[in-house]
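Structure first, commentary second.
There are 2 protein chains.
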Amino acid sequence: MNEPSLIALEPSIGVTLTDRLFDALQRAIVEGEIPQGSKISEPELARRHGVSRGSLRAAIARLEACKLVERKPNLGARVVELSAEQLIELFQLREALEGMAARLAAQAMTAAEIDALGALLEQHGQQIEQEQGQAYFQQQGDLDFHFRIVQGSKNRQLIALLCEDLYHLLRMYRVQFGMRSQRSRHAFDEHCYLLNAIRARDPEMAELVMRQHVRSSRRHLEQALA
Amino acid sequence: MNEPSLIALEPSIGVTLTDRLFDALQRAIVEGEIPQGSKISEPELARRHGVSRGSLRAAIARLEACKLVERKPNLGARVVELSAEQLIELFQLREALEGMAARLAAQAMTAAEIDALGALLEQHGQQIEQEQGQAYFQQQGDLDFHFRIVQGSKNRQLIALLCEDLYHLLRMYRVQFGMRSQRSRHAFDEHCYLLNAIRARDPEMAELVMRQHVRSSRRHLEQALA
DNA sequence: CGCAAGCAAAGTGTCAACACCTTTTCGGTT
DNA sequence: AACCGAAAAGGTGTTGACACTTTGCTTGCG
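Protein sequences, first through last, are from chains A and B.
Last residue of the first sequence: 226 (my numbering), numbering continuous.
Last residue of the second sequence: 1226 (my numbering), numbering continuous.
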């Protein structure tokens, strides 16, 4: 996205069949098209997607790595069950990880990245002002914002963890639990505080704000689920 | 381990061929038997282990999930490269995650678990006193200790993350970088501080001590690698 | 002599078939 | 009629073979 597209990119960005299968299944699971806890029949899925079982199994293995499905030997794979308890645990984890991301981002983000983040936030502000595109865009916007903070940390271990593994699991929870968050205005303000902390290059403040932000989401959830 | 063994355990704990392959390869990579950055030839490995390529590919997929190998489409899989930079990043991550684990463990560990942890530490103390079994046992002991803290957090997301994914990667770094830590005495003292904080049920103190502990390891590393 | 195009070898991605395990159903027994 | 055991059906684990991509080498041309 940032790099000029002329500079030698990875040789042969071959998109394999397993890749497409993985994307399709991931989307289907996140959207709830394949319901929670349901068993995944390899022959049936393979037939419905018109592929062999081998490719499908490879895709399922990746889903297992994202914790979207659980497989038991000789019993097959089931879509993960979403207990409210585990959702809370996931948010606890986010608090620690994204707090760390914010702290590092305050040190490592480039001026250009910070400006781009500011532009994104301004756009979000307008959308909220107009009270339109509420549900989907605001949620997607929230994810985008957090996504950029994580990228800004420049810690590859952390980026891989949050953006490749836990990201989809979080999206699944969001979609399936409804989460028509009435606190988007609140969240937007907190995002602005965080941007200010990053602009000021204040790591401690950035971590504090981010942790508080995630904790607010969690508390809001705990009430909604209780 | 804790549950009475009569209560219905999982039906059929079948150990599949892929499981054994995964374990063998994981060990080989962690021990450095298969060197860093080396390409993994599927036909050769399949032949050497006397299995089909299909099973091998499944095992490699799991290794990829642990971040022990990286695979690129049509180019094959390579054992991950261990840069000093990424090692530092991994320790930054550990600081956040294990700090969180310690905080939660101070709240959630049972009295029995805390006692067992104390017994383990006492044993470590004797080993250090006798200055015997230095290298291997002390490293293994350190991992065991951290392992139990993580388990004690009772946060399943965190446990899965640290004990199933990042654990082996950390072991790999330890083994391959030598890490004949001369600070075992230091580490032991810090473990004792942490145990005390947990005994006192003081979450904040526990997190502080753990973060400091991991940070010390990191600083020690940064000096050794500079 | 150097370089590009093309060819051969090796390797990965994909597929269909076989073997073993699990579950269900059917028949026999108490 | 209910329960136990065995056979059949469905599903997963594993295998070997085929198709396409990449790589290294050879060959022909500048």
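From the three backbone atoms N, C-alpha and C, an ideal C-beta is built for every residue, glycine too.
Checklist entry - residue 1206 of chain B and residue 1198 of chain B look like a contact to me (Cβ under 8 Å); what is the Cβ gap, rounded to whole Å? => result 6 Å
Checklist entry - Which residues in the same chain have their Cβ closer than 6 Å to the Cβ of residue 203 of chain A, if we skip the five residues on either side of it in sequence? => result 103, 106, 107
Next on the checklist: Taking 7 Å as the cut-off, is the beta-carbon of residue 1199 of chain B closer than that to any non-hydrogen atom of the ligand HEM?
Outcome noted: Looking at this structure, you won't find the ligand HEM or any other ligand, since it has none at all.
Checklist entry - When the Cα atoms are used, what is the spatial distance from residue 76 of chain A to residue 37 of chain A? => result 12 Å
Item to check | Straight-line gap, residue 226 of chain A to residue 89 of chain A (C-alpha atoms, nearest Å) | outcome: 15 Å
Checklist entry - By a C-beta neighbour count over all protein chains shown, 10 Å radius and 16 as the cutoff for buried, is residue 83 of chain A buried or exposed? => result exposed
Item to check | Beta-carbon gap between residue 1117 of chain B and residue 1170 of chain B smaller than 8 Å | outcome: Judged by beta-carbon spacing, residue 1170 of chain B lies beyond the 8 Å limit of residue 1117 of chain B, meaning their Cβ atoms are not closer than that value.
Next on the checklist: Give me the chain A residues within the contact set of residue 1155 of chain B, using Cβ-Cβ distance strictly less than 8 Å, ordered along the chain.
Outcome noted: The contacting residues are 89, 92, 93.
Checklist entry - Using a Cβ cut-off of 9 Å, which residues of the region 1057 to 1081 of chain B contact any Cβ in chain A, in chain order? => result 1057, 1058, 1061, 1062, 1064, 1065, 1066, 1067, 1072, 1073, 1074, 1075
Checklist entry - Out of curiosity, what's the CA-to-CA distance linking residue 122 of chain A and residue 110 of chain A? => result In this structure, the alpha-carbon of residue 122 of chain A lies about 19 Å from that of residue 110 of chain A.
Checklist entry - What residues from chain A crowd round residue 1086 of chain B, counting only those whose CB sits closer than 8 Å? => result 156, 157
Item to check | Residues near residue 1066 of chain B by beta carbon distance below 6 Å, same chain, minus five either side | outcome: 1165, 1168
Item to check | Start-end ranges of the beta strand (DSSP E) lying completely within the region 1019 to 1081 of chain B, minimum 3 residues | outcome: 1069 to 1072, 1076 to 1079
Item to check | Close beta carbons around residue 17 of chain A, own chain, < 8 Å, minus the five adjacent residues each side | outcome: 51, 55
Item to check | Integer Cβ distance of residue 1043 of chain B from residue 1053 of chain B, believed to fall under 8 Å | outcome: That pair is a contact at about 7 Å.
Checklist entry - Considering only residues of the same chain and omitting the five flanking positions on each side of residue 144 of chain A, which have a CB-CB separation below 7 Å? => result Excluding sequence neighbours, residue 144 of chain A sits near 120.
Item to check | Rounded C-alpha distance that separates residue 72 of chain A from residue 1022 of chain B | outcome: One alpha carbon belongs to residue 72 of chain A, the other to residue 1022 of chain B, and they sit about 15 Å apart.
Item to check | CA nearest to the CA of residue 128 of chain A, picked from A/49, A/30, A/184, A/59 | outcome: A/184
Checklist entry - Just the Cα atoms here: how many angstroms apart are residue 216 of chain A and residue 1013 of chain B? => result 41 Å
Next on the checklist: So residue 1014 of chain B contacts chain A; which residues on that side make the cut at Cβ distance below 9 Å?
Outcome noted: 72, 73, 74, 75
Checklist entry - Whole beta strand (DSSP E) runs in the region 195 to 226 of chain A with 3 or more residues, listed along the chain? => result none
Item to check | Inter-residue Cα distance where the pair is residue 1150 of chain B and residue 1192 of chain B | outcome: A straight line joining the alpha-carbon of residue 1150 of chain B with that of residue 1192 of chain B spans about 16 Å.
Next on the checklist: Using the three-state DSSP reduction, which class does residue 15 of chain A fall into: helix, strand or coil?
Outcome noted: coil
Next on the checklist: I'd like to know whether the C-beta of residue 1025 of chain B is nearer than 8 Å to at least one C-beta of chain A.
Outcome noted: no
Next on the checklist: Along the chain, where does the alpha helix (DSSP H) containing residue 160 of chain A start, and where does it finish?
Outcome noted: From DSSP, residue 160 of chain A is part of no alpha helix (DSSP H); its letter is neither H nor E.
Item to check | Cα-Cα separation, residue 35 of chain A to residue 1141 of chain B | outcome: Residue 35 of chain A and residue 1141 of chain B: Cα-Cα distance of roughly 43 Å.
Checklist entry - Residues of chain A with CB under 7 Å from residue 1118 of chain B, in chain order? => result Here the premise fails: no neighbours, minimum Cβ distance about 26 Å.
Checklist entry - Nearest-angstrom Cα distance between residue 1032 of chain B and residue 1147 of chain B? => result 22 Å
Next on the checklist: Considering Cα atoms alone, identify which of A/45, A/161, A/85, A/25 is closest to residue 219 of chain A.
Outcome noted: A/85
Checklist entry - Which stretch, first to last residue, makes up the alpha helix (DSSP H) that contains residue 259 of chain A? => result Since the displayed chain A opens at 1 and closes at 226, residue 259 of chain A lies outside it and no answer follows.
Next on the checklist: Going by C-alpha to C-alpha distance, which of B/1040, B/1049, B/1041 sits closest to residue 1024 of chain B?
Outcome noted: B/1049
Checklist entry - In angstroms, rounded to a whole number, what distance separates the CA positions of residue 158 of chain A and residue 1097 of chain B? => result 11 Å
Item to check | 8 Å Cβ cutoff met for residue 160 of chain A and residue 1061 of chain B | outcome: Cβ atoms of residue 160 of chain A and residue 1061 of chain B: not closer than 8 Å.
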